[in-house]
Amino acid sequence: MTVHLTVLGSGDAFNSEGRGNACYLLDDGERVICADFGPTALMKLRTCSQTAPNDIDAIFLTHLHGDHFGGLHLFLVDADFLSRRTRPLVICGPEGTAEVVSRWYELAFGEVPASRGYEIRYVEMKPGETREILGRTATAFRARHMGEGDTPLAFRMELKGACIGISGDTIWTESLTEAARGTDIFICDCTGLSGNSPQHLTWEALRPRRSALDTRLLLLSHLGSDMRRAADSLSEQNVLAADDGMVLEVRSGRVTWKQPNRG
Ligand SMILES: [Zn+2]
């Protein structure tokens, strides 16, 4: 089977260099899963993919920061009033996801519809937990992002035909090696080019650890300005900087990709 990964948002929280907020579309031919759904995600879904909102079966949230889930109210209002969704939707994230997403919708639009034409099934995961979701296996790992009060997650998802990992926002932590283990593609926070950040990985911090990540392709994303500008001159093997509209394909253990046409 062939799995496609479309990058719908490769930018940091600030849309640096005009790139969208975090969102990755994973399609294994039977199921379509979004990883993160930042404020720009619905617009990017419509401009960078052929996938309709109603085609999405599940949305995974690595953590509950606005640049990672803050487009969900638009997805849901589209489902309620424009796309008129009827299929169930899974929303999977750390503890607190159901409450935060409902409140977000209510703040944005005044009220949550009393009845919807479809069911939302929330799955809240703790670090270390493995769940079967829509016939796919997802494991959550603890990321380290903004102190100990929250529970940012990294995920490893076993789809039909590929294993994809995502770090979410994080500094270096050993659990990333578990999240990346055996993956075809590991989407990894690489906000900065150099130095150390208390919240995010930089290329300087990540580069010496590349060999610790057991993945065929390390896909750097959540790129800030400096990193985005340096992205085209990366020469590390099996490392690629994400860009909005980039489509990666995993087929029989081989990863290929097409750069977006930015003309
Ligand atoms: Zn964050």
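As numbered in the working numbering, residues 304 to 566 make up the sequence shown, in order. Every residue, glycine too, gets a C-beta built ideally from N, C-alpha and C.
Taking 7 Å as the cut-off, the C-beta of H368 counts as close to a heavy atom of ligand 1. Nearest Cα to K561 within the set V310, E432, S524: V310. The region 370-390 makes no contact with the region 456-468: fewer than 3 CB pairs, one atom from each, lie closer than 8 Å. Short of 7 Å from the beta carbon of G420, and not among the five residues preceding or following it, lie these beta carbons of its own chain, in chain order: R387, R388, T389. The continuous beta strand (DSSP E) containing F458 extends over residues 456-462. Counting only runs of 3 or more residues that sit fully inside the region 355-425, the beta strand (DSSP E) segments are 361-363, 392-397, in chain order.
One Cα belongs to Q502, the other to M530, and the distance between them is close to 16 Å. D529: member of the alpha helix (DSSP H) spanning 528-533, first to last residue.
For E481, the uninterrupted alpha helix (DSSP H) segment begins and ends at 478-483. Between L522 and L543, the gap from beta carbon to beta carbon is short of 8 Å. Non-local C-beta neighbours of Y408 in its own chain, meaning closer than 6 Å and more than five positions away in sequence, comprise H376, L379, V415, ordered along the chain. The beta carbon of T433 sits closer than 6 Å to those of T442, all from its chain and outside the five residues before and after it, given in chain order.
E320 sits in a helix when the DSSP states are folded into three classes. Between P563 and the set A344, G548, R447, the nearest pair of CA atoms involves G548. Remark: the C-beta of D472 is in contact range of ligand 1, defined as less than 7 Å to any heavy atom.
Taking the Cα positions, D535 is about 22 Å away from S470. Per the C-alpha coordinates, the member of V550, S555, R565 positioned closest to H307 is V550. Shortest gap from the CB of H448 to any heavy atom of ligand 1: under 7 Å.
Here A457 is buried, its C-beta having at least 16 other C-beta atoms within 10 Å. E432: not part of any alpha helix (DSSP H); DSSP gives it neither H nor E.
Nearest in C-alpha terms to C493, of all of R532, T486, G485, is R532.
For E552, the enclosing beta strand (DSSP E) covers residues 550-554.
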